[in-house]
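Structure record follows, encoded as structure tokens.
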């Protein structure tokens with residue numbers, strides 16, 4: 001990924017419905033070049049999906065949970081990561097140092113859906129154990145699109 005790809009992702013994060021023509025103007029590329037880059041970013045997994053955010057909704061209808069995953073083998077646990085990528089409700093998946101192997105953040109439409117996903121994760125080949133915590137409230141939720149990928153100066 002280069003700086004232009006980062007700009008494209010930042011613009012799509014702000015407005016996933018932006019037209020290719022408008023996006024092209026913002027990143028100084030042709031419409032066709034933007035389309036090709038978006039398709040490549042999707043293929044490579046940099047863009048894993050698009051979502052809907054309802055105006056005026058403070059995500060009160062979303063059940064959020066953190067699942068800490070212990071794998072049986074940290075070095076050969078790629079199948080677990082690949083399976084987690086295929087779950088649409090997984091919004092964050094990070095490999096950790098220390099006691100836990102993977103931290104997964106789920107955002108689902110219901111507690112029942114969180115339970116089903118948790119059971120699926122717990123039964124995945126290569127998963128030794130999980131610890132799950134439901135989010136009761138959100139204190140800080142900063143948008144990620146404001147980060148700059150360019151060096152100062």
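Residue numbers (full-length UniProt numbering): 1 to 153. In this text, a Cβ means the ideal position worked out from N, Cα and C, and glycines have one as well.
- It is roughly 16 Å from the alpha-carbon of residue 48 to the alpha-carbon of residue 35.
- Residue 9 sits in a helix when the DSSP states are folded into three classes.
- Annotation for residue 16: 50 place their beta carbon closer than 7 Å to its own, counting only its chain and skipping 5 residues before and after.
- In the structure shown, the three-state DSSP call for residue 24 is helix.
- Membership of residue 121 in any beta strand (DSSP E) is not indicated; the residue belongs instead to the alpha helix (DSSP H) covering 111-122.
- Excluding five sequence positions before and after residue 130, the CB atoms of its chain that fall closer than 8 Å to its own CB belong to 67, 68, 69, 70, 118, 121, 122, given in chain order.
- Linking residue 41 to residue 124 through their CA atoms gives a straight-line distance of about 28 Å.
- DSSP places residue 65 within a strand segment (E or B) once states are collapsed to three.
- If you check the CB distance, residue 63 and residue 108 come in under 7 Å.
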